[in-house]
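Protein sequences appear in the order of chains A and B. At position 136 of the first sequence the residue is numbered 136 (the UniProt record's numbering), and the sequence of numbers has no breaks. At position 53 of the second sequence the residue is numbered 53 (the UniProt record's numbering), and the sequence of numbers has no breaks. All residues carry an ideal CB built from backbone N, CA and C; glycine is no exception. Note that the coordinates shown come from a computational prediction; the quantities given were computed from them, not determined experimentally. What follows is a single structure, written as structure tokens, with notes after it.
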Amino acid sequence: MEKTAKPKSRLCTLCNEKRAALKRPKTLEQICRECFYTVFEDEIHRVIVDNQLFKPGERIAIGASGGKDSTVLAYVMSELNRRHNYGLDLFLLSVDEGITGYRDDSLETVKRNEIQYGLPLKVVSYSELYGWTMDEIVKLIGLKNNCTFCGVFRRQALDRGAALLKVDKLVTGHNADDIAETVLLNILRGDIARLGRCTSIITGEDGPIPRCKPFKYTYEKEIVMYAYFKKLDYFSTECIYSPNAYRGFAREFIKHLERMRPRAILDIIKSGEDFRISTSTKMPEQGTCERCGYISSQKWCKACVLLEGLNRGLPKLGIGRSRGINSEHNANTKQANGTQSLQSKQCGSLDF
Amino acid sequence: MQLTLEFGGGLELLCDSVKSHNINVDPQDGEKQLTMKNLLSWVRTNVIKERPEMFMKGDSVRPGVLVLVNDTDWELSGQLETVLEEKDNVVFISTLHGG
Ligand SMILES: [Zn+2]
Ligand SMILES: [Zn+2]
Ligand SMILES: [Zn+2]
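In structure tokens form, the structure reads like this:
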């Protein structure tokens with residue numbers, strides 16, 4: 001016998017027919033499962049249309065980690081593409097960092113998604129691209145700075161994978177909670193330039209592959225509820241090399257705010273957006289890395305600096321302020337490569 | 001009272017990687033009903049094997065953990081005050097793990 005909802009739960013405020021299944025954090029409406037699917041998908045469609053994220057005929061890579069966000073993104077993107085005739089060619093793009101017991105398992109999830117959603121999958125690996133797996137890097141450098149490597153290498157690996165797939169854009173599963181968290185972290189670091197940029201729904205339009213975030217306004221709670229109700233197959237284990245406690249605190253703070261006042265998440269994003277006008281910080285000129293050709297404002301890109309350190313047995317090279325290799329360029333472009341971008345999620349939540 | 005508990009989104013790692021638990025739990029002495037508040041403290045003692053702070057904060061779940069009773073968001077049934085009945089199904093999902 002199917003258990004029914006508790007008597008306290010009321011009828012859906014949208015259809016007035018079925019029993020409500022959840023309370024929306026954004027609007028506090030109590031709605032049924034079917035109405036939830038509809039508003040959830042429609043809102044993402046509106047975000048895509050209003051921000052002109054795609055053009056018909058484009059090839060789009062979905063950054064797929066096997067986690068909840070990118071799994072729901074892949075599912076919803078293929079639904080919307082069909083339903084609204086976006087005319088997009090969709091691909092799944094995954095990065096294999098070489099983390100035994102973590103990435104190998106989550107890649108299995110992505111491989112199942114490939115079949116379930118009928119989307120071709122491309123996997124690029126650290127060992128192929130850089131000659132090092134994360135397991136080997138951690139063995140050498142320990143757990144202290146490994147997220148710097150992870151973050152820099154992953155960003156570039158995704159761009160390279162996207163280039164191999166010849167896609168026009170890369171979409172990632174960053175959700176509203178992630179963006180609110182990044183806004184807070186950029187405030188805490190006093191990084192006003194990044195604070196403005198981190199709320200942009202499209203970034204890197206001047207770079208090789210623009211990235212966009214269709215879930216910018218989508219609450220994590222709704223993504224997880226959607227995955228649960230639809231029984232989507234996702235992987236949810238913390239990265240074993242994820243010691244970013246600072247980010248963890250920011251996350252926890254946001255979840256506390258959300259519990260007291262769910263709109264807080266959207267309000268933080270709004271605050272970040274409103275900072276965008278006031279940025280007078282000059283962005284460094286973009287050139288290309290002399291070594292690998294990747295975009296870089298300095299002689300060598302961050303990945304090449306880190307790699308050089310690894311290969312020379314000096315893994316501290318390139319962590320924190322860049323010294324040495326790029327020093328002659330350092331005077332006016334200190335900002336560009338010196339600090340790790342907060343745009344990508346912590347390694348533990350590998351959603352790029 | 002027989003209940004089914006399910007842990008997901010990484011919370012299963014706190015209970016020996018077992019996702020589904022059939023449990024037998026009765027209202028505490030002197031109480032007629034079993035509420036979610038009672039159940040949570042029972043789960044903390046009897047089901048969670050490690051790092052209880054990943055599951056609970058104070059007498060409720062940690063912010064970021066979703067709770068569904070019979071597939072309905074517990075925010076609709078009174079959260080900690082939700083009264084449980086025979087054969088109810090309670091699901092805990094962490095939103096904090098993974099991307
Ligand atoms: Zn409804
Ligand atoms: Zn380079
Ligand atoms: Zn990492």
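By the Cβ neighbour-count rule, A/R189 is exposed, with fewer than 16 other Cβ atoms within 10 Å of its own.
For A/G207, same chain residues with a beta-carbon under 6 Å away, outside a window of 5 residues either side, are I295 in chain order. In the three-state reduction of the DSSP assignment, A/N85 falls in the coil class. By alpha-carbon distance to A/G87, the top candidate from A/F215, A/L93, A/R154 and A/F54 is A/F54. The residue from B/V91, B/S94, B/D16 and B/V67 with its alpha-carbon nearest to that of B/E50 is B/D16. Each of A/C289, A/R291, A/C292, A/Y294, A/C301 and A/C304 has a C-beta closer than 5 Å to some heavy atom of ligand 2; these make up the full list, in chain order. Assignment of A/H256 by DSSP, reduced to helix, strand and coil, places it in the helix class.
Residues close to ligand 1 by the beta carbon criterion (under 7 Å to any non-hydrogen atom) are, from first to last along the chain, A/C12, A/L14, A/C15, A/E17, A/K18, A/I31, A/C32, A/E34 and A/C35. Between B/Q79 and B/S60, the C-beta spacing is below 9 Å.
At a cut-off of 4 residues, the continuous stretches assigned as alpha helix (DSSP H) that sit fully inside the segment 176-242 of chain A are 176-188, 192-197 and 220-229. Residue range N146 to L164 is occupied by the alpha helix (DSSP H) that includes A/Q156. Between the alpha carbons of A/Y117 and A/Y246 lies a distance of about 36 Å. In this structure, DSSP gives B/N46 a helical state, which the three-state scheme calls helix. Proximity of B/T72 to chain A, defined by a Cβ-Cβ separation below 9 Å, is satisfied. With respect to the C-alpha of B/I93, the residue from A/E273, A/V224 and A/L232 having the closest C-alpha is A/V224. As far as DSSP is concerned, A/A303 takes part in no beta bridge.
Between B/V47 and chain A, the shortest Cβ-Cβ separation is not below 9 Å. Apart from the 5 residues on each side of it in sequence, A/I48 sits with its Cβ closer than 6 Å to the Cβ of P214 in its chain, given in chain order. Considering only beta carbons, the part of the segment 30-43 of chain A lying closer than 9 Å to chain B consists of Q30 and R33, in chain order. In the structure shown, the three-state DSSP call for A/R291 is coil. Neighbours of A/E97 in chain B, taken as residues at a C-beta separation under 9 Å, are lacking, since the least C-beta distance is about 13 Å. Proximity of chain B to A/H256 at the Cβ level (cut-off 7 Å) is accounted for by P63, in chain order. Straight through space, the alpha carbons of B/H21 and B/N89 are spaced by roughly 10 Å. For A/D96, the secondary structure class from DSSP, reduced to helix, strand or coil, is strand. Listed in chain order, the non-local C-beta contacts of A/E17 below 8 Å within the same chain comprise L11 and C32, local neighbours out to five positions each way being set aside. Its chain contains G87 as the residues whose beta carbon lies nearer than 6 Å to that of A/P56, once the 5 sequence neighbours on both sides are disregarded; these appear in chain order.
When secondary structure is reduced to three states using DSSP, B/M1 falls in the coil class, being assigned neither helix nor strand. Just so you know, the alpha carbons of A/S65 and A/L107 end up roughly 7 Å apart.
Under the Cβ distance rule, B/E50 does not count among the residues neighbouring chain A, no pair being separated by less than 9 Å.
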